[in-house]
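S.K.: Numbering (the working numbering), first residue to last: 727 to 823. Cβ atoms here follow ideal geometry from the backbone N, Cα and C, with glycine treated the same way.
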């Protein structure tokens, strides 16, 4: 058996996770300013109440999706070994379809 090598698939997942973290943070934060403005009384009416209900619902959905995306990366990272055999599927994963 040849010496094990660093897992390139794991490295790729870690890179993509790093790229996803700021995007997920932006998604979580994008509606915060609008919610703060509404909380401060920027718009008061029954229509505003309906809007606020929808807004906070969308905020929860986006936050859940962002957190779920990062959790999916974290789970994939946990499932991968740090090192693999040179002929392991992780060394040629880009060619698997």
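1. Does residue 732 come out as helix, strand or coil in the three-state DSSP assignment?
2. Look up residue 810 in the DSSP assignment and give the residues it is bridged to.
3. In whole angstroms, give me the CA-to-CA distance for residue 763 and residue 776.
4. Where does residue 770 fall in DSSP's three states?
5. Kindly list the residues whose CB is nearer than 6 Å to the CB of residue 788, restricted to its own chain and excluding five residues on each side of it in sequence; keep chain order.
6. For the segment 792-809 and the segment 727-739, state whether three or more C-beta atom pairs, one from each stretch, are separated by less than 8 Å.
M.R.: In short, the structure shows the following:
1. strand
2. 731
3. 15 Å
4. coil
5. 753
6. yes
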